[in-house]
Amino acid sequence: MRLTRFTDLALRTLMRLAVEEAELPTTRDVAATMEVPYTHTAKVVARLQHLGLVEARRGRGGGLTLTAAGRAASVGAVVRELEGAGDVVDCDGTTPCPLRGACVLRGALRRAQEAFFAALDPLTVNDLVAAPTGPLLLGISSRAPTRAEGP
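When the letters of the sequence shown are read in order and numbered with the working numbering, they come out as residues 6 to 156.
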């Protein structure tokens, strides 16, 4: 299974926020650190905020923080939420597959998709930033443009 770019960016955003120790990064800071467009990052942050995983504060002293729920969130649950419950293949699309009524593959793919999610269920966002990933993220964050320099 392949994650959408949106889900990939959401997981990386959660990881970035999980290692933040000092100044609260802005959405622009996160986008610059991960070298992705600000507009994509803003959409991801809005969705993560809606899910209660991220808190965003505006104005002086504002920025993004990971909530307690965000730190403890199951990676499998986050991926399920962001990817949706859709099938791996679209058997009922604009040109429905003629085998869909008697196809064994559709059920097997659904089970494989659930096994994929289940493999991620025991992992939390905090687990994702344990060494060696967390220190590497901190190093990347320190090289990102500061608010005065960046976009």
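Glycine is no exception: its CB is placed at the ideal position from the N, C-alpha and C atoms.
Taking Leu128 as the centre and dropping the five residues before and after it, the same chain places the C-beta of Ser79, Val80 and Gly81 closer than 8 Å to its C-beta, in chain order.
Annotation for Phe122: Gly81, Val84 and Arg85 place their beta carbon closer than 8 Å to its own, counting only its chain and skipping 5 residues before and after. Shown here, Thr70 sits in a strand according to DSSP, grouped into three states.
Glu88: member of the alpha helix (DSSP H) spanning Val80 to Glu88, first to last residue.
Counting only the Cα atoms, Leu29 lies some 37 Å from Val93. Between the region 61-74 and the region 107-124 there are fewer than three inter-stretch CB-CB distances shorter than 8 Å, so the stretches are not counted as touching.
Straight through space, the alpha carbons of Val35 and Thr18 are spaced by roughly 7 Å. For Arg10, the three-state secondary structure derived from DSSP is helix. Spatial neighbours of Glu88 in its own chain (CB-CB distance under 6 Å, excluding positions within 5 residues in sequence) are listed in chain order as Thr12.
A residue is called buried when at least 16 other Cβ atoms come within 10 angstroms of its Cβ; Gly98 does not meet this threshold and is exposed.
A check of alpha carbon separations from Leu56 across Thr70, Ala74, Leu69 and Gly67 identifies Ala74 as the nearest. Here the C-alpha atom of Cys102 lies approximately 37 Å from the C-alpha atom of Val50. Of Thr9, Val59 and Ala124, the smallest CA-CA separation from Arg21 is found for Val59. For Glu28, there is no enclosing beta strand (DSSP E), since its DSSP letter is neither H nor E. Residue Ala15 holds the alpha-carbon nearest to the alpha-carbon of His45 among Gly68, Cys96, Thr70 and Ala15.
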